[in-house]
Amino acid sequence: MKWWILKTYLGDRLEEYWMPDDEIENLLVGAANFADERAAVPGRRREIPVVVAVDVLTVQQDGELLSAAVSRAIRPEFMYPLELWPRPPVAVTQRQDVCRPLKSFLWSLRKIRVTDVEEGLRVMEECHICLNSPTIGDRISLIPNCGHAFHNHCLVKWLTWSETCPVCRCEAHPYRPTNPYYMFGP
Ligand SMILES: [Zn+2]
Ligand SMILES: [Zn+2]
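Residue numbers 1063 to 1248, in my numbering, belong to the letters of the sequence shown in order.
Here you go:
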């Protein structure tokens, strides 16, 4: 198996964990080699499922409140929803009826990684969806029409059921969400 095939499916998710490119490559080369070794055993099926488990740590920065460090620990609800990926890495059966152009639009939103709280505050004083201020590691996205900024994971969930900016009510995208039952959740 070629490691970059795994990267096609997993690279973006691992980047969400703030994993550097070289670490992503090392991990996936190891996983691909392991799959090749297992597949080389006579009598085995050629298709070997590969599961990559990642231990995630959160680190308290100098001068950062412990509550802020804990609150930015990566959890499924802080990540881009798997069912909205253009190429879901696993079979997604729930809530997958968001229209394709909307999915592409949400995926194309630029994500600004907060590496410094002061800089983050200049981009987004507070996310008006979850009412939290930016902390280190957050990813912020702007609505192109009005420039209002939110956490990326908050904004994509919002726009799967609303067409307007939560702050100024401008048209945030031209694609009608098709799933009125999309709810906030992991
Ligand atoms: Zn938010
Ligand atoms: Zn706005």
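The C-beta atom is built at its ideal place from N, Cα and C for all residues, glycine as well.
Because the structure is a prediction, the values reported are computed rather than measured.
Assuming contact is defined by CB atoms lying nearer than 8 Å, are residue i and residue j in contact in what I supplied?
i, j, result
"N1214", "I1202", "yes"
"Y1237", "P1143", "no"
"L1090", "L1068", "yes"
"L1146", "K1165", "yes"
"V1114", "A1094", "no"
"C1208", "C1192", "no"
According to the neighbour-count rule (16 or more other Cβ atoms, all chains shown, within 10 Å of its Cβ), is residue i buried or exposed?
i, result
"L1127", "exposed"
"V1132", "exposed"
"P1248", "Below a pLDDT of 50, predicted positions are generally treated as unreliable, and P1248, at 36, falls in that range; the measurement from the model is reported next regardless. Exposed, by the Cβ-count rule."
"V1176", "buried"
"A1101", "exposed"
"E1180", "exposed"
When you compare each of the options to residue i by their alpha carbons, which one comes out closest?
i, options, result
"E1099", "V1185, G1073, T1070 and K1064", "K1064"
"C1230", "P1206, V1218 and P1239", "P1206"
"H1190", "R1075, I1136 and H1210", "H1210"
"C1161", "L1183, T1222, Q1123 and S1195", "T1222"
"L1171", "W1066, V1121 and K1219", "K1219"
"L1217", "L1168, L1183 and P1196", "L1168"
"R1137", "D1178, D1124, G1125 and D1117", "D1117"
Alpha carbon to alpha carbon, how far is residue j from residue i? Give it in angstroms, no decimals.
i, j, result
"A1259", "F1212", "Residue 1259 is absent from the model: the chain starts at 1063 and stops at 1248."
"E1019", "N1194", "Residue 1019 is absent from the structure shown; the chain starts at 1063 and stops at 1248."
Let me check you understand the geometry: is the CB of residue i closer than 7 Å to at least one non-hydrogen atom of ligand 4?
i, result
"V1118", "Only ligand 1 and ligand 2 can be found as ligands here, which leaves ligand 4 out of the picture."
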